[in-house]
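Some notes on the structure that comes next.
There are 2 protein chains.
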Amino acid sequence: MRLVGEAELEDIAVGAAILGTGGGGDPYIGKLLAQEAVRRYGPVQMVTVDEVPDDAFVVPSAMMGAPTVMIEKLPRGTEVINAFKALGGYMGREPTHTTSIEAGGLNSTTPFVVAAQLGIPLVDADGMGRAFPEIQMIVATMHGVSATPMTLADEKGNSAVIDTIDNSWTERLARTLTVDFGATSMIALYPMTGKQVKAGAFIAGTIGLAEELGRLVRETRAAHGDPVGAVVERLNARRLFGGKVVDVARRTEAGWAKAEVRIEGSGEDAGSSLVLQIQNEHLVAIRNGEIVCSVPDLIVVMDAENGGPITTEELRYGFRVVVIGAPCAPDWRTEEGLALVGPRYFGYDIDFVPVEERFPR
Amino acid sequence: MRLVGEAELEDIAVGAAILGTGGGGDPYIGKLLAQEAVRRYGPVQMVTVDEVPDDAFVVPSAMMGAPTVMIEKLPRGTEVINAFKALGGYMGREPTHTTSIEAGGLNSTTPFVVAAQLGIPLVDADGMGRAFPEIQMIVATMHGVSATPMTLADEKGNSAVIDTIDNSWTERLARTLTVDFGATSMIALYPMTGKQVKAGAFIAGTIGLAEELGRLVRETRAAHGDPVGAVVERLNARRLFGGKVVDVARRTEAGWAKAEVRIEGSGEDAGSSLVLQIQNEHLVAIRNGEIVCSVPDLIVVMDAENGGPITTEELRYGFRVVVIGAPCAPDWRTEEGLALVGPRYFGYDIDFVPVEERFPR
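Note that the protein sequences, when read in sequence, are chains A and B. Numbering (our numbering) for the first sequence: 5 to 365. Numbering (our numbering) for the second sequence: 5 to 365.
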């Protein structure tokens with residue numbers, strides 16, 4: 005167990021935005037909400053997966069919806085508390101721990117608001133090892149863990165509890181409710197025992213890894229080093245492309261932020277172009293018409309100058325960026341994992357090729 | 005208190021289909037489900053509103069969705085029990101009574117399934133005195149009764165509990181969930197105390213009235229009398245039009261069955277035409293381009309031969325029909341009532357005129 009306060013949250017937000025592969029919402033907003041909670045209620049106890057008792061009742065807390073809307077509709081901390089408490093009430097048992105559903109701008113830090121305000125420990129873990137756009141896209145699904153009972157709340161005072169026959173049905177119902185709520189909702193879902201978490205239903209150590217990545221960027225930057233190179237090294241990633249953003253086409257569709265981004269190469273990539281296709285997160289990177297990296301591997305866009313991660317909503321014409329590809333959690337590379345989050349699920353008729361195989365060192 | 009068995013259900017189904025103004029689903033299916041339940045579990049105790057104890061916990065049970073879909077997706081009795089029990093579980097109190105949300109083909113008899121199977125009494129009442137397409141369109145809304153907590157269940161095993169800030173939000177969330185469920189769901193909503201029911205939140209005696217109307221049609225028919233005339237007399241209604249159905253245009257839209265029906269006049273109406281516009285129920289009757297009857301008054305289509313009510317889904321080319329207009333419950337003619345269910349709510353830019361005023365005797 006260790007305490008996480010304002011300073012650690014700075015690093016966690018940056019690192020989680022790297023692992024978030026462009027999605028999971030605005031890391032700045034997530035950080036502010038979490039830091040405010042920590043200032044008011046004191047630092048959060050973060051425990052490792054190994055430290056969680058078998059009979060613990062672990063309930064992840066998160067936000068759902070199109071992050072583009074979230075930027076305009078700033079969530080209040082209380083809303084996520086409402087969804088979290090409602091789930092405990094519905095199940096007739098107070099959650100003993102919370103954790104992160106995904107690594108990403110908002111959802112890596114959202115559970116810190118819950119943990120701080122309710123004075124419960126947060127488990128250093130997440131459900132994806134990255135961010136993904138749909139609810140069933142979580143390692144826990146492969147471990148037979150149900151996403152429901154799940155609670156959803158909006159900022160107006162509406163709420164819902166759903167109970168579904170599988171996690172794809174959860175996604176379906178929660179998505180339309182979220183659209184009704186105005187494209188954003190606060191959620192609590194995947195209630196688990198400590199035993200399930202320890203058996204691998206969630207990925208251990210993701211928040212600690214995010215913190216490490218954030219610190220690496222900060223320290224390398226301060227030492228006038230190469231933060232992108234440091235992150236590539238730490239994640240066993242590959243540098244895919246460097247250049248300037250020349251086009252960003254966005255649309256919000258059925259509660260998702262969809263976009264296509266075009267980058268014109270510079271330096272060693274001069275004369276080439278890279279297209280990123282996005283559904284909340286980066287799905288594929290297409291270099292000169294050929295897919296060079298795809299889900300479930302992580303496609304990360306970083307500021308060419310300072311190595312800071314750039315979310316899909318921040319991307320603008322003129323940004324000078326470096327795009328890297330990093331290996332996903334091993335669970336995702338199994339047949340079952342690829343059925344859930346592989347390129348074919350997202351409509352790309354290609355086999356998944358690990359980024360390290362495509363670009364051997 | 006009196007017992008309602010198979011024979012009474014025959015009459016109730018016919019009478020409720022009259023009050024249902026074309027909507028509320030197939031009376032034949034509703035009757036079959038209720039009769040099967042009564043055969044298996046014994047007759048249902050029907051109590052008057054006055055007989056309900058103040059501290060009773062009354063929970064209406066119903067089906068929601070496009071009745072056109074319901075015809076293909078025959079509901080099982082167990083589904084409505086699931087929604088009903090889930091609401092009791094959520095609220096931590098077993099319902100003591102059930103009742104009908106509306107008078108209509110399915111929803112006047114659906115609660116008999118619940119009452120029979122759970123062995124609880126059914127209150128002789130309904131929330132509308134007719135059928136209406138949306139959840140908030142219920143006298144209880146004007147009495148400040150919340151539609152939530154509300155539970156929804158589908159036939160696959162999915163369910164939801166919603167809690168909303170007002171009854172229009174309930175309609176919105178329940179409608180999209182119902183569309184997700186495949187356009188039909190089983191619901192329990194508007195949990196009330198006996199005291200609220202007695203204070204007029206529900207309309208007393210609707211099921212008894214339905215039974216009386218059904219018996220009237222049956223007996224007048226047997227005596228070779230005029231069943232349509234008998235119903236017109238009993239309801240202080242007006243005969244609006246007689247003729248042959250020449251066109252029926254249907255579409256299922258956002259979980260509603262919408263339609264427009266054209267009737268060519270015969271006999272005293274020869275040379276004229278009547279158009280019915282429908283959203284689950286008949287909304288307006290337009291004679292030669294002029295609205296002659298509108299919501300909230302009841303527009304009822306009856307078989308010209310035998311006086312049986314015809315639902316909007318049964319209407320076919322060639323049917324010889326009589327259309328009558330009947331006064332709605334007085335609550336609906338108040339300013340508040342008309343704001344909820346008046347013609348303007350449904351997009352018709354006209355003032356409501358009571359059918360008795362339009363056609364004085």
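Using N, Cα and C, we set each Cβ at its ideal position, and we do this for glycine too.
query: Sub-8 angstroms separation of Thr315 (chain A) and Gly109 (chain A) beta-carbons; result: yes
query: Beta-carbon proximity check, Gly209 (chain A) vs Ile16 (chain A), cutoff 8 angstroms; result: no
query: Chain A within 8 angstroms of Ala164 (chain B), Cβ atoms only; result: yes
query: Beta-carbon neighbours of Leu177 (chain B), restricted to chain A and to distances below 8 angstroms; result: Asn162, Ala164, Leu181 and Asp184
query: Separation of Val18 (chain A) from Arg6 (chain A), as counted between CA atoms; result: 20 angstroms
query: Reduced DSSP secondary structure (H/G/I, E/B, other) of Ser163 (chain A); result: strand
query: Alpha helix (DSSP H) runs contained entirely in the stretch 326-355 of chain B, provided each spans 4 or more residues; result: 339-345
query: DSSP bridge partner residues for Leu156 (chain B) (one or two, in chain order); result: B:Ala164 and B:Ile191
query: Spatial neighbours of Glu138 (chain B) in its chain, beta-carbon cut-off 6 angstroms, leaving aside the 5 residues before and after; result: Glu175
query: Partners in chain A for Thr145 (chain B), counting only beta-carbon separations shorter than 8 angstroms; result: By Cβ distance, chain A contributes nothing, its closest Cβ being about 16 angstroms from Thr145 (chain B), past 8 angstroms.
query: Listed by chain order, chain A residues near Thr168 (chain B) by CB distance under 7 angstroms; result: Asn162
query: Closer than 8 angstroms to chain A by CB, Trp260 (chain B); result: no
query: Within the stretch 271-334 of chain B, ranges of the beta strand (DSSP E) (whole runs, at least 3 residues); result: 277-283, 285-291, 294-298, 302-307 and 324-330
query: Selection from B:Asp355, B:Tyr349 and B:Val304 that minimises the alpha carbon distance to Ala330 (chain B); result: B:Val304
query: Same chain, Cβ closer than 6 angstroms to Pro300 (chain B), neighbours up to 5 away in sequence not counted; result: Cys332, Trp336 and Val345
query: Residues near Gly27 (chain A) by beta carbon distance below 6 angstroms, same chain, minus five either side; result: Gly108, Ala135, Asn284 and Glu285
query: Trp173 (chain A): contacting residues in chain B (beta-carbon distance under 7 angstroms); result: Asn162
query: Inter-residue Cα distance where the pair is Pro99 (chain A) and Glu55 (chain B); result: 43 angstroms
query: Coarse secondary structure for Phe206 (chain B), derived from DSSP in three states; result: coil
query: Residues bridged to His101 (chain B) (per DSSP); result: B:Val62
query: Neighbourhood of Ala205 (chain A) by C-beta distance below 7 angstroms, restricted to the same chain and skipping five residues each side; result: Val143, Ala144, His147, Val149 and Met196
query: Beta-ladder partner(s) of Ala253 (chain B), from DSSP; result: B:Glu264
query: Nearest to Ser276 (chain A) (by Cα), restricted to the options A:Gly351, A:Val250 and A:Trp260; result: A:Val250
query: Whole-number beta carbon distance between Met190 (chain B) and Ala157 (chain B), since they are thought to touch under 8 angstroms; result: 5 angstroms
query: Beta-ladder partner(s) of Gln49 (chain A), from DSSP; result: A:Leu7
query: C-beta atoms of Gly96 (chain B) and Thr188 (chain B) nearer than 8 angstroms; result: no
query: For Trp173 (chain A) and Ala164 (chain B), the rounded distance between their alpha carbons; result: 12 angstroms
query: Distance between Phe61 (chain B) and Leu37 (chain A) (C-alpha atoms, nearest Å); result: 42 angstroms
query: Endpoints, alpha helix (DSSP H) assigned at Asp184 (chain B); result: Asn171 to Asp184
query: Pick from B:Ile85, B:Gln140 and B:Val42 that is closest to Gly341 (chain B), judged by C-alpha positions; result: B:Gln140
query: Identity of the residue in A:Thr102, A:Arg254, A:Ser104 and A:Asn292 nearest Gly269 (chain A) by Cα; result: A:Asn292
query: Pair within 8 angstroms by beta-carbon distance, Ala214 (chain A) and Ala20 (chain A); result: yes
query: Identity of the residue in A:Glu14, A:Ala178, A:Gly24 and A:Leu13 nearest Leu287 (chain A) by Cα; result: A:Gly24
query: Simplified DSSP assignment, three categories, for Met141 (chain A); result: coil
query: Arg243 (chain B) versus Asp355 (chain B) - alpha carbon distance; result: 21 angstroms
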